[in-house]
Every structure is written in structure tokens, then in C-alpha cells.
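Notes follow the structure.
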Amino acid sequence: MDKVHPSAAAAVRDIPDGASLAVGGFGLSGVPNTLIKALYEHAAKDLQVVSNNCGVDGGGLGILLAAGRIARVTGSYIGDNREFARRYLGGELEVELVPQGTLAERLRAGGCGIPAFYTPAGVGTQVADGGLPWRYDTQGGVALASPPKEVRSWDGRAYVLERGIITDYALVRAAKGDRHGNLVFNKASRNFNPLAGMAGRITVAEVEQLVEPGGLDPDEIHLPGVFVQRVVELTPAQAGDKGIERRTTSGPPGRGTVRA
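In full-length UniProt numbering, the protein residues as written are 1 to 260.
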């Protein structure tokens, strides 16, 4: 039952080329930076990533992206990641953009063994009708587009069929965890980490604080250990590695705020 691994490198060393990964994080909150860096050093390539966003330039999944290790991304938000946009528009990266709530439910459904579900999100758009550019060619044309999805009506309202997501591995970051893999997430890091952890066949968790079994209140556990196969305890320096996406400070009186 002791799922603690001696290092992040040991926990990810069997992830092969071409593996699919569900990765937690919401913006820069709750990103498993230590596991991502270990995966970068492991040199796995052609990865298929499912994550709300693909990091930022030089941070999070952006490290793997800039190194050309990611072949496909299923996500909701490109954001300020210029390298993500460049590779997508330049035909170097396949991208499936999914409504954020739908992505969350697809991960949860996969983790619960639900193969598909119906949702009204995306009905009447290319999400349901097909035609969203998944990959561009080098001339800016669409090389691969999304297929149409099944749409059905109940009680006079249309719903589109979405598939659950199951990945080979999942990488998540928790505020607390025990040796059995039970995890607690903090604030916004709870948005996608538990769902990503559910979707992975093998889930690897980096934890800021490791406690002994029984040290977590059962009512506070957000992801039960049954979903988690490997745990890595972070050092204080690693636990403190939390980026700020946009720093906002108070300016002089009457000058408002300054954003960097």
C-alpha cells in the first residue's frame, strides 16, 4: 500500500514515447512542475497531452512543448503561450479545443468508466457540426478537421455526444497526500487535478506535504487513493515552485495598479 517513490525521475521513467497524459493544473495553479521537469529529462516524445491549458512559455507543459516533445493537445485554452500558438498555426502540433466544462466532464466520465455522455454545450457550432481545425498545413490551410458528432434531442433541446477520456498516465499536484495515495488539493488547483487523476490508468502525484495513513480527515480527501498509483514527496524548494501568471501590484495613489 505504500505508493511513495524515491524521486520524480523514478516515478516517470517508464512513460514511453507516444504515451497519452492527463495533466492537472489551472493556469499556473496546481501544475505538477517537478514531474513535468522529470519527464523532460526522461526525453519521452510524441506525447498526447490532455490538460486545460498547455503551460506558458518556459513553464509547466510549455517546457515539453518548446522541446518538440508534444504531438497532440486536447485542451480548452491556448492563452498567452506564444509557442503553443506558433506550433499550432504552423502545422507542428495537433490541437483539439474543447469547451472547458465539457473537458472536465470528459475526464471525470473516463475515470468513472462512462464511455460517453450528452451535453448541450457546443450544439449549433463546429464543436458539434465538425470542421474545427485540428492541424494546419505549412501554408495555413486546414490539414485535419474535427469530425461531426452525434446530436440528439430530448424534451425539445438538442444535445451533442461527447466521449469520456482515459489516458495512459496522469500527472497531478496535491497540497497534501498520504502513503496510500489519498490526496487533498488547495483552492483553484482542485479544478482539474482530481479529474485528471481519475482519468489516468497510472496516476502519479507530487505532494507538497506527505503525511502518514490516517493523517488526513476522510471528509477532506478530494481524490481517493484507489485512483493514484505513485506518490512523490516534494522538497521545500520544489513545493515552493509556484509561478505567478500575471503579477499585479499597487501603484502610487491615484495611479491605479500595475500589471507585469
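Yeah, the Cβ is synthetic: ideal placement off N, Cα and C, and Gly gets one too. For clarity, every value in this text was computed on a predicted model and none was experimentally measured.
Rounded to whole angstroms, the separation of the alpha carbons of tyrosine 136 and histidine 180 is 44 Å. Between the stretch 175 to 189 and the stretch 127 to 135, the count of Cβ pairs shorter than 8 Å is below three; the stretches do not touch.
For aspartate 129, the enclosing alpha helix (DSSP H) stretches over residues 126 to 129. In this structure, the beta-carbon distance from glycine 141 to alanine 199 does not fall below 7 Å. Taking C-beta atoms under 8 Å as the contact rule, leucine 223 and proline 252 fail to qualify, at a distance of about 45 Å. In the DSSP assignment, glutamate 233 falls within the unbroken beta strand (DSSP E) covering 230 to 233.
For threonine 167, the enclosing beta strand (DSSP E) begins and ends at 167 to 178. Counting the other Cβ atoms within 10 Å of the Cβ of lysine 242 gives fewer than 16, which makes it exposed.
Here the stretch 153 to 167 makes contact with the stretch 113 to 122; the two share three or more CB pairs at distances below 8 Å. Fully contained in the stretch 100 to 143 are the following alpha helix (DSSP H) runs of length 4 or more, in chain order: 100 to 111, 126 to 129. When beta bridges are read from the DSSP output, histidine 5 appears opposite Val232.
Out of Asp178, Gly60, Tyr77, Gly55, the CA that lies nearest to the CA of leucine 103 is found in Tyr77.
In the three-state scheme derived from DSSP, where H, G and I count as helix and E and B as strand, valine 12 is classed as helix.
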